[in-house]
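Written below as structure tokens is the structure these notes are about.
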Amino acid sequence: MKSVLRIVTLIGLFVSASMPVFASPAGVWELETRDTRFRLELCGDGTQLCGELVWLSDADYNEQYKPYLNAPMAYQIRQVSPSRWKGDMRLFGHKLAGTITQVNENQMTLTGCAFLVACKTYQMFRYSK
Numbered sequence: 005m006k007s008v009l010r011i012v013t014l015i016g017l018f019v020s021a022s023m024p025v026f027a028s029p030a031g032v033w034e035l036e037t038r039d040t041r042f043r044l045e046l047c048g049d050g051t052q053l054c055g056e057l058v059w060l061s062d063a064d065y066n067e068q069y070k071p072y073l074n075a076p077m078a079y080q081i082r083q084v085s086p087s088r089w090k091g092d093m094r095l096f097g098h099k100l101a102g103t104i105t106q107v108n109e110n111q112m113t114l115t116g117c118a119f120l121v122a123c124k125t126y127q128m129f130r131y132s133k
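Okay, structure coming up:
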């Protein structure tokens, strides 16, 4: 029995060591369309993710989204694995069940579904001036 426990423990250590750990997701992230930016930060117990809409381009279609500027879009989304968070979000006034996955230090994927049928995936890239 002790040898089985050791093997399970070693497998667990190997799997956790092989999972990539990226830089903090904290920072400003821009959608691939380059018309929207969000500020994300770790919050709650330090592993949860919070965020807000902080910038919109001057494109005409963004006029309708200006009421959501500086409003929370994510509040204490729980971390489900390293570099992955799941929870409810509000994006441009719509409630979504979403997943944010950090692909690498400078890229994230945001997938959100409204009513479990209308789903959309966005690529986000770390923004720096």
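Residues in the sequence shown are numbered from 5 upward in steps of one, following my numbering. Every residue gets a Cβ at the ideal spot worked out from N, C-alpha and C, and that includes glycine. All figures in this text were calculated on a predicted structure; none of them were measured in a lab.
- Less than 7 Å divides the Cβ of glycine 55 from the Cβ of leucine 44.
- Note on geometry: alpha-carbon atoms of methionine 93 and alanine 118 lie some 10 Å from one another.
- Fewer than three Cβ pairs drawn from the segment 60–67 and the segment 75–86 lie within less than 8 Å of each other, which leaves the two stretches out of contact.
- For the options Phe42, Val121, Ser28, the alpha carbon positioned closest to that of phenylalanine 96 is the one of Phe42.
- In this structure, glutamate 34 and tyrosine 131 form a Cβ contact; the two beta carbons are roughly 4 Å apart against a cut-off of 8 Å.
- By the neighbour-count criterion, in which 16 or more other beta carbons inside 10 Å mark a residue as buried, glycine 50 falls on the exposed side.
- Under the three-state reduction of DSSP, proline 71 is assigned to helix.
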